[in-house]
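Down below is the structure, laid out as structure tokens.
Number of protein chains: 2
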Amino acid sequence: MDKIIVANIVDVELNDIYPCEIHISDGYIEEVIPIATTDPNDVDLDYEGILLPGFIDAHTHIESTMLIPSNYAKAVIPHGTTSVISDIHEMANISGLKGINFMIENGKEVPFDFFYAAPSCVPPTNFETSGAIIDSELVNILLKLNDFVSLGEMMNFPAVLAGDEEVLKKIEYAKKLNMPIDGHGPLLTGEKLKKYIDADIYTDHESSLFDEAIEKKKLGMKIMVREGSAVKNFDDLLNKNDRQIFWANEEDAKNLSRDDYNLLLKNPIFDFLVSDDKNPIDILNGHLNLLIKRLIDTDVFPIEAIKMVTLNPSKHYNLDVGVIAAGKKANFVLIDNFDNFNILKTFVGGEIVYEDGNVLFDSEDVEFENTFNVSEKSPEDFDVKIDLKEGKIKALIMKVMDKSLITDKTIKELEVKDHIIQENIDRDILKIAVVNRYGEDTVTNGFVKGFKITDGALASSIAHDCHNIIVVGTNKHDMAKAVNEIIENQGGLAVVSRRNDIKESLELPIAGLMCNDDVSTLALKLKNLQNIVKLLGCEFNSPFMTLSFLSLLVIPSIKISDKGLFDSEEFRFTDIVQEVISEDEENA
Amino acid sequence: MDKIIVANIVDVELNDIYPCEIHISDGYIEEVIPIATTDPNDVDLDYEGILLPGFIDAHTHIESTMLIPSNYAKAVIPHGTTSVISDIHEMANISGLKGINFMIENGKEVPFDFFYAAPSCVPPTNFETSGAIIDSELVNILLKLNDFVSLGEMMNFPAVLAGDEEVLKKIEYAKKLNMPIDGHGPLLTGEKLKKYIDADIYTDHESSLFDEAIEKKKLGMKIMVREGSAVKNFDDLLNKNDRQIFWANEEDAKNLSRDDYNLLLKNPIFDFLVSDDKNPIDILNGHLNLLIKRLIDTDVFPIEAIKMVTLNPSKHYNLDVGVIAAGKKANFVLIDNFDNFNILKTFVGGEIVYEDGNVLFDSEDVEFENTFNVSEKSPEDFDVKIDLKEGKIKALIMKVMDKSLITDKTIKELEVKDHIIQENIDRDILKIAVVNRYGEDTVTNGFVKGFKITDGALASSIAHDCHNIIVVGTNKHDMAKAVNEIIENQGGLAVVSRRNDIKESLELPIAGLMCNDDVSTLALKLKNLQNIVKLLGCEFNSPFMTLSFLSLLVIPSIKISDKGLFDSEEFRFTDIVQEVISEDEENA
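Protein sequence lines correspond, in order, to chains G and E.
Our numbering numbers the first residue of the first sequence as 179 and each following residue consecutively.
Our numbering numbers the first residue of the second sequence as 179 and each following residue consecutively.
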């Protein structure tokens with residue numbers, strides 16, 4: 179035995195708090211011996227406060243933070259997170275196994291428990307170009323690695339419903355190895371939802387509506403409540419006072435005594451609290467700790483809230499972390515009390531890795547090969563051409579909303595001048611384009627509503643999930659300039675406004691997704707870019723992250739890939755031009 | 179604790195034999211408690227005889243037995259082998275990850291410890307066509323799987339010596355994970371050998387000459403003495419009475435006392451006893467047990483001989499088997515005594531899996547997709563065409579020797595008739611061809627000496643390591659017939675003699691390498707084919723296995739791939755026609 183820690187622990191299995199001796203050997207808990215006492219104040223504690231199991235983020239994509247794994251660990255350890263289950267499909271889409279190996283190996287450099295979900299959809303669909311393919315046989319191999327604990331979110335739900343052979347094989351392989359399969363079923367309901375769950379897909383983190391989550395829950399799914407940077411579902415799923423009435427059978431609820439009813443209200447309905455995609459600004463401010471506190475503030479039992487990031491993921495994914503019990507890893511969080519929920523210290527493998535505001539380990543810079551195979555773009559690449567020479571058309575427009583991955587369809591009139599469909603800045607109808615980065619040198623164009631910038635363009639090499647280059651702009655010149663800036667930087671974010679003489683970028687040379695900066699530096703750089711976008715007129719909370727999801731074809735209802743404008747409800751390509759209203763006589 | 183076994187054990191760590199209690203829990207040894215006694219006959223043993231650790235074959239390719247892994251286990255368990263380290267590069271070359279997954283999963287169906295070496299050379303060289311590629315990133319992933327214990331034989335030694343980037347990456351990844359790297363350096367010597375070893379390649383199983391093995395040993399390599407079906411190195415490496423004189427410094431040896439000198443002779447010089455490639459006939463007769471016995475018969479200390487298949491591989495590959503000690507798996511072999519070395523019982527995970535001549539577990543039939551993408555061949559595909567119409571040429575001939583993978587070069591005169599170079603059956607110069615099976619539909623032709631058949635043809639879809647179809651014949655008609663028989667069967671061996679009205683085949687529908695037969699059935703079928711080949715005039719010990727290695731480009735000195743005749747010393751393609759001796763006037 180290496181050491182003994184005496185502390186008040188939260189026992190998430192017994193729903194109790196008591197003083198005990200924790201015996202630790204080789205980083206693991208050997209024994210937990212409760213200290214019998216009539217007066218808890220008599221116990222000579224090593225640490226004042228309450229010791230909880232380290233928190234687990236059960237669904238996230240590390241790459242979305244733009245931090246390399248070792249710096250990610252440094253960023254979340256101060257907030258009490260000691261483990262994540264990360265579906266590293268962003269890197270997998272760009273660099274395949276090389277990217278996966280990079281993530282796993284970099285993560286091993288620091289005291290933090292990285293678990294991985296084997297990417298199930300690389301590429302996500304057949305309607306886009308990725309840098310690599312992870313087929314069913316490779317999924318089978320990954321699932322056998324100790325680092326992997328589940329088959330990652332099965333985003334291509336149309337393929338599951340259609341019984342696609344490769345997709346079913348991946349599911350079959352996971353089942354054979356007794357691995358949980360993660361779901362992704364935004365707005366999926368009724369028979370389709372049942373069929374999806376029948377494939378043994380038992381978690382979902384895409385519920386954005388309360389009723390949606392309840393329907394899934396009743397069918398046996400475990401619901402991950404997501405609170406990311408671009409998408410925030412916490413309020414809609416957990417902040418309802420009357421939520422138990424929906425959840426319990428209404429009749430039963432009526433028959434409950436007032437006391438029992440109030441007790442019921444103190445239990446959270448759903449199963450996990452997860453981040454999914456978080457930017458460095460948000461991570462700097464807090465992580466799962468903030469969500470637990472918010473839940474406690476709504477009068478949920480503290481231990482029940484804590485279970486959502488400890489016992490629940492530990493049990494579902496069969497992890498050796500998440501519980502203070504013999505045989506588990508000695509990962510702890512010391513808080514002052516449930517009301518303030520301040521993180522005082524964090525332990526990994528029995529060692530203190532964070533205290534007094536300082537992370538007690540270092541990370542090192544890494545390199546990664548250039549993953550961009552694309553030539554410089556000209557403004558004309560962003561022209562939306564049409565046979566019609568002059569006139570008006572009805573165009574299909576992608577309507578973007580803040581804090582949601584889901585887009586709306588809308589049809590608007592646009593002018594055509596000299597065979598080119600014109601954006602309309604006054605009506606907030608801007609141009610959007612995706613530039614292939616994997617050697618095909620193609621550009622697809624469309625129109626978008628919601629960004630409200632009145633000048634310039636913003637672009638990103640983070641463009642889910644294939645990570646071609648995506649750009650939104652008020653004019654083709656700024657769009658080309660922003661895209662070329664990213665190509666030159668071998669990846670990153672950029673905002674350009676020639677009129678205001680602005681060209682700012684955040685370089686992400688590691689696969690176009692990440693850089694070596696620490697979370698504070700990165701947050702500053704991102705804040706700078708976001709402020710510029712804000713000054714240009716955009717009101718979105720996290721404009722670059724919102725932009726990055728406009729190419730994610732597996733989310734309703736209209737998106738754009740490097741191959742074309744895509745109808746995510748019909749799961750097929752669609753056209754910008756819906757109707758020609760008036761033709762110039764020349765073209766008649 | 180599940181059970182206690184009381185027996186006389188061989189302690190390979192302490193070089194001792196003593197009675198003890200073995201405490202077993204969950205298949206593993208919890209404790210080994212020696213029984214203090216003045217009279218060993220007083221101890222109440224559970225089993226008469228001597229209990230050894232289960233044997234480990236540290237270098238083999240399961241596929242070469244033509245048995246699926248579960249049947250392989252059933253075949254070797256009666257001989258005391260309870261573990262193998264298998265480089266499954268045959269399946270990997272044909273079906274990549276699908277093949278690897280198939281092997282791993284089928285092996286898990288039975289109580290046997292399969293360990294794997296990650297295939298380092300798939301394809302072995304760039305001069306041949308395989309069905310799959312295992313690149314450095316995939317090697318990195320495989321090495322992280324628990325099933326894998328080493329980087330498999332680095333056969334492409336020219337690429338190691340040339341500093342090929344992909345090859346060095348594979349080595350680098352293995353070193354990073356502290357995984358041993360297996361060598362393959364036939365006849366490698368001097369500076370080249372030193373450079374090869376400098377890449378941290380520390381085993382070799384390709385030594386066919388005593389001096390060759392000693393040179394490698396002195397440079398720090400561990401020598402695996404191979405006794406397979408096609409290649410037998412035991413006699414040359416271990417059966418020398420004066421071997422210690424070579425091994426020890428000659429001067430030192432002279433100064434040794436007679437007793438010390440004799441003692442030295444009782445220690446084996448080399449490190450492992452391995453099978454590499456064994457056919458089912460040989461496996462039916464025995465396995466590593468026969469080699470240990472042969473070594474004991476040469477007066478080597480029995481425990482030293484046993485270490486070569488237990489302690490030595492266990493330590494080198496960091497295995498949880500191979501020693502009767504706490505923490506190791508409870509795999510044992512019960513023998514009667516060292517002189518007879520009869521295997522009485524075999525234990526895996528503390529359970530008896532073989533006794534009284536019976537294997538106590540079953541295996542099930544499996545299926546695998548058809549891996550042949552090749553059209554029917556015509557006799558003319560096997561014509562060796564030349565510009566010359568009539569005359570004589572000097573042709574480069576592959577000279578094949580029994581019990582060796584190494585071929586010789588020889589130049590012989592051959593006649594040309596109507597633009598076709600003629601075989602010469604009287605002088606044992608036959609035709610050899612390789613037919614691409616991976617969709618390219620090509621045939622390469624050459625000439626071969628050594629088979630001595632006077633009629634017919636023999637063909638095989640086992641053709642190392644890419645496993646295209648290889649055929650040797652006295653005439654093009656039989657060659658085409660034999661090849662077409664294999665294509666129709668979706669793999670296997672075939673022998674054809676139209677003159678004798680013979681067409682016999684052994685179907686190997688699992689990737690063209692294996693079938694569902696058990697070892698006895700398979701041995702009978704193979705024996706039948708071998709007898710026919712023998713009757714046709716061939717004197718080789720294992721003609722189909724010898725045939726199968728004629729396409730293994732990484733062995734000297736001349737081989738043939740689906741892309742051409744290959745000079746394995748110069749590592750480049752070469753030509754059949756070395757010189758035109760006499761030309762017909764028509765062509766002058």
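Think of the CB as a built atom: it goes at the ideal place given N, C-alpha and C, for glycine as much as any other residue.
- Residue burial annotation: LYS354(E) is exposed, with fewer than 16 other C-beta atoms found within 10 angstroms of its C-beta.
- DSSP places TYR206(E) within a strand segment (E or B) once states are collapsed to three.
- Along the stretch 317-339 of chain G, going in chain order, the ones with a CB nearer than 8 Å to a CB of chain E are ASN318, ILE319, LEU320, LYS322, LEU323, ASN324 and ASP325.
- Less than 8 Å divides the Cβ of ASP740(E) from the Cβ of GLU306(E).
- Residue environment for LYS659(G): buried (at least 16 other C-beta atoms within 10 angstroms of its C-beta).
- Residue state for ILE312(G) is assigned as coil, using DSSP reduced to three classes.
- Residue contact with chain G for GLU315(E): present (Cβ-Cβ distance below 8 Å to some residue of chain G).
- Going by DSSP, LEU387(G) is part of no alpha helix (DSSP H) at all; its letter is neither H nor E.
- Interface annotation for the stretch 252-275 of chain E against chain G: SER273, GLY274 and LEU275, criterion Cβ-Cβ distance under 9 Å.
- Between ILE266(E) and THR488(E), the gap from beta carbon to beta carbon reaches 8 Å or more.
- Taking C-beta atoms as the reference points, LEU230(G) and VAL511(G) count as a pair closer than 8 Å.
- Apart from the 5 residues on each side of it in sequence, SER407(E) sits with its Cβ closer than 7 Å to the Cβ of ASP455, LYS456, ASN457, ASP460, SER720 and MET723 in its chain, given in chain order.
- Under the three-state reduction of DSSP output, PHE335(E) falls in the helix class.
- Remark: C-beta atoms of ILE255(E) and VAL531(E) approach each other more closely than 8 Å.
- If you draw a straight line from the Cα of VAL758(E) to the Cα of HIS597(E), it is about 13 Å long.
- In this model, LEU434(E) and HIS201(E) are separated by some 44 Å (Cα to Cα).
- Residue-level contact check: ASN662(G) does not touch chain E, since none of the beta carbons of chain E fall below 8 Å from its beta carbon.
- ILE375(G) has its alpha-carbon roughly 8 Å from the corresponding atom of LEU397(G).
- Boundaries of the beta strand (DSSP E) harbouring ASN186(E): 181-189, taken from the DSSP string.
- Taking C-beta separations shorter than 6 Å and ignoring five residues to either side along the sequence, the partners of GLY651(G) in its chain run LYS609, ALA635 and MET657, following chain order.
- By the 16-neighbour rule on beta-carbons within 10 angstroms, MET179(G) is exposed.
- GLU529(G): member of the beta strand (DSSP E) spanning 529-533, first to last residue.
- ASN496(E) has a beta carbon lying at 8 Å or more from every beta carbon in chain G.
- Residue range 436-443 is occupied by the alpha helix (DSSP H) that includes LEU443(E).
- For ASN279(G), the chain E residues whose Cβ falls inside 7 Å of its Cβ are GLU315, ASN318 and ILE319, in order along the chain.
- Look at GLN600(G) here: in three-state DSSP terms it is coil, with no helix or strand label.
- Of the residues assessed, ASP695(E) falls on the buried side of the cut-off, its CB having 16 or more other CB atoms within 10 angstroms.
- When DSSP states are grouped into helix, strand and coil, TYR250(E) belongs to the helix group.
- Taking the Cβ atoms as the reference, VAL711(G) lies roughly 6 Å from VAL673(G), within the contact range of under 8 Å.
- Residue nearest to THR476(G) within the set VAL221(G), PHE550(G), LEU443(G) and LEU538(G) is LEU443(G) (criterion: CA-CA distance).
- Its chain contains ALA296, LEU329, TYR351, ALA352, LEU355 and MET357 as the residues whose beta carbon lies nearer than 7 Å to that of LEU321(E), once the 5 sequence neighbours on both sides are disregarded; these appear in chain order.
- Taken through DSSP and simplified to helix, strand or coil, ASN678(E) comes out as coil.
- Look at GLU283(G) here: in three-state DSSP terms it is helix.
- GLY505(G): not part of any alpha helix (DSSP H); DSSP gives it neither H nor E.
- By the Cβ criterion, the stretch 544-553 of chain G is not in contact with the stretch 731-740 of chain G, since fewer than three pairs of Cβ atoms, one from each stretch, lie closer than 8 Å.
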